[in-house]
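**Q** Let me give you the structure first, and then I'll get to my questions.
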Amino acid sequence: MTRPRVRVCRDCCCGTSRKHPGVDHDALLDLLVTSTTGVATVDVSPCLLACEKSNVVVVQPGPTGRRAGGRPVWLREVLDRTSVEAIATWLEAGGPGLCDGPASLRPLVTTPGVLGEAVL
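Numbering (numbering that gives the first Met the number 0), first residue to last: 0 to 119.
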């Protein structure tokens, strides 16, 4: 079974203390990976060309979610444990196409970067 996939932008802006001092980016990435083990695949991506929205995370449906109408959901400003935990909870419940995202993530939903799904 193919799982949902999470792309975490880590390149020029996302995941840097230069842009977001005081955020423990490594700890947030570790939390995302450990809290979704067995549920989703987490990949670190080169720049997704949405630098003004950093830290960018794209939650992609698995095949079942895609068949149910799910599409990638782009999230901006994923900068705290609460957001990462909400992503993990959503994925545990099935992710895009299989269940609605948590209300706490709605303000973070954004449009894709310049290349849209082409970079995925």
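Using N, Cα and C, we set each Cβ at its ideal position, and we do this for glycine too.
Between Cys12 and the rest of its own chain, which residues show a CB-CB distance below 7 Å, the 5 nearest in sequence each way excluded?
**A** So the qualifying residues of the chain are Lys18, Cys50, Ser53.
**Q** Using 8 Å as the threshold, is the stretch 81-100 in touch with the stretch 64-72, meaning 3 or more CB pairs across them?
**A** The stretch 81-100 is in contact with the stretch 64-72.
**Q** Can Val22 and Leu78 be called in contact, C-beta distance under 9 Å?
**A** yes
**Q** Just how far apart, CA to CA, sit Cys46 and Val56?
**A** 11 Å
**Q** For Ala39, is the classification buried or exposed, using 16 other Cβ atoms within 10 angstroms of its Cβ as the cut-off for buried?
**A** With 16 or more Cβ atoms within 10 Å of its Cβ, Ala39 is classed as buried.
**Q** Is Leu74 near Thr109, with beta carbons less than 9 Å apart?
**A** yes
**Q** In whole angstroms, give me the CA-to-CA distance for Val43 and Glu84.
**A** 18 Å
**Q** Throw me the rounded Cβ distance for the Ala87 and Leu48 pair, which I believe falls under 8 Å.
**A** No, Ala87 and Leu48 are not in contact; Cβ-Cβ is about 25 Å, not under 8 Å.
**Q** Could you check the C-alpha separation between Arg9 and Thr15 for me, to the nearest Å?
**A** 8 Å
**Q** Ser44 bridges to which residues according to DSSP?
**A** Per the DSSP secondary-structure output, Ser44 pairs in a beta bridge with Cys8.
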